[in-house]
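Residue numbers in the sequence shown follow the numbering used here, run continuously in steps of one, and reach 1236 at the last position.
C-beta: ideal position from N, C-alpha, C; glycine also.
Let me begin by presenting the structure, written as structure tokens, before commenting on it.
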Amino acid sequence: MARLLYLHQHFSTPAGSTATRSHAQARALVRAGHAVTLATGRFEGAVTGLDTPLRRGRREGLVDGIRVVEFAIPYGNAMGLAARSLAFLRYAARATRLAAAEPWDAVIASSTPLTVALPALEARRRHGTPFLFEMRDPWPELPAALGLRARPVLAAMGALADAACRRARRVVALSEGMAAIARGRGAAEVAVIPQGADLDLFGPQVAPWRPEGVGSHEILAVYAGAHGAANGLGLLLEAARLLAARPPAAGGERRVRLVLVGEGAAKPALVRQAEGLPNLTFLDPLPKRQLAGLLAGAQVGLLCLAPVPEFAGHVAPNKLVDVLAAGLPVLSNLPGETAELLAAHGAGETVGPRDAAGLADALTRLADDPARRRAMGEAARALAMRRFDRRLLTARFVAEVEACLP
């Protein structure tokens, strides 16, 4: 049995409305016989499973066999750059103290944020503790692509990313594009383990749920995820606007309703821009089980990102595997690996990154052809079962962690 410190600032159980990859991987490590301590902050939409009072800015307890240490460091997608940076540094400082306070056989540092590598590097420097670096987003490549121009900040991020990749015993990347970045930064051992699909939580076995006010005749096209600059959700609003303006008569296309689920800095502006659109609904973030019900009651899953070329091979949206597991056809504007995957398996269709008219046309075609919708949905579920079964992927993650042990 190894004593493992798992660092992930955005940890959540499935009771929350955010990603649960670290929860699934930590549970798999526990089942493999390891003692796992997972250090997290307080991420908006996350549910850590702890409900005891905070003392001296932290609390801890056992959650699904995982010792969870939660620091009172709030973080949300709507926070500004300065507040985000402060939250990242505060977490890194608290996690560094934890890394130094107890003997660990290995450390797992799961980024984003990149600063999660600091405690792992310090544990390696002080005690020679090996660590695995999990690259869930490419930093500083992603912030730079989104417009960050502060050269000293980018340089510092680059130096930290280099150190994390070169000094980690192993690197786990979520996509081939991220793996190439890790190798370019000096990583010796790199494994690609994509986002995993929870086939028990999402799928045709789930009872469908539809929001109040949605007509039984309406085809629901659901986007569930962050509402930030990186997500480019203006494209979905424009597609809804084009559909509403189309025949029949003066009523527009009334069969399709776009449903946007989530929160983020861009949401207030998006809600204002969507005023008067009869075919678009905003929902607050939903717990995973309720989201599974919404997807079971929907007919199309939407994947949308801002038109940034670097996204083509450098991102791995967890919302994609949720939609595949739910057995929905995917309409996406993301080129590269994701587009190739959907086309190769007949599980969806990709439009241009800025092509709102193409997205509206694709939605109309799916509304016109229920048999095609069903066929694409069946292909999506089959793809999730073959390529993205979380149980198989977490077993691979466990093997990577165990390969780090002395």
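Item: Is any beta-carbon of chain C found at less than 8 Å from that of V1130?; Value: The displayed structure is made up of one protein chain only, and chain C is not part of it.
Item: Could you check what DSSP says for V1101 in three-state terms: helix, strand or coil?; Value: helix
Item: Please state the DSSP three-state secondary structure of A1011.; Value: The identity of residue 1011 in the sequence shown is Ile, whereas the question assumes Ala. Of the three classes helix, strand and coil, the one that applies to I1011 here is helix, per DSSP.
Item: Hey, is the segment 1181 to 1188 in contact with the segment 1054 to 1061, meaning 3+ C-beta pairs nearer than 8 Å?; Value: no
Item: Touch check for the segment 1033 to 1046 and the segment 1221 to 1236: three-plus C-beta pairs under 8 Å?; Value: no
Item: For the beta strand (DSSP E) holding G1123, just list the boundary residues, first then last.; Value: Taken as a continuous stretch (DSSP letters only), G1123 belongs to no beta strand (DSSP E), being part of the alpha helix (DSSP H) at K1118 to A1126.
Item: Drop a sphere of 10 angstroms on the beta-carbon of H1047, count the other beta-carbons inside from all chains shown, and report buried for 16 or more, exposed for fewer.; Value: exposed
Item: Any chance the CB of V1020 is under 7 Å from a heavy atom of the ligand ADP?; Value: This structure lacks the ligand ADP, and indeed carries no ligand of any kind.
Item: Excluding the five sequence neighbours on either side, which residues of its own chain have a C-beta within less than 7 Å of the C-beta of Q1103, listed in chain order?; Value: L1067
Item: Count the other CB atoms within 10 Å of the CB of T1111; is the residue buried (16 or more) or exposed (fewer)?; Value: buried
Item: Considering only residues of the same chain and omitting the five flanking positions on each side of A1126, which have a CB-CB separation below 6 Å?; Value: V1036 and P1038
Item: Let me confirm a value: G1014 is counted as buried when at least 16 other C-beta atoms fall within 10 Å, else exposed. Which label applies?; Value: exposed
Item: Look at the alpha carbon of L1171 and the alpha carbon of G1131, and state the distance between them as a whole number of angstroms.; Value: 15 Å
Item: Quick one, are the C-beta atoms of P904 and A917 less than 8 Å apart?; Value: yes
Item: Is G1007 closer than 8 Å to R851 when the C-beta atoms are compared?; Value: no
Item: Taking DSSP as the reference, what is the three-state secondary structure of E890?; Value: strand
Item: Decide if H957 is buried, meaning its Cβ has at least 16 other Cβ atoms within 10 Å, or exposed.; Value: exposed
Item: From T867 to D1198, what distance separates their C-alpha atoms?; Value: 51 Å
Item: With which residues is D1219 paired in a DSSP beta bridge?; Value: A1027
Item: Let me know if D1152 comes out buried or exposed under the rule of 16 or more other beta-carbons within 10 Å of its beta-carbon.; Value: buried
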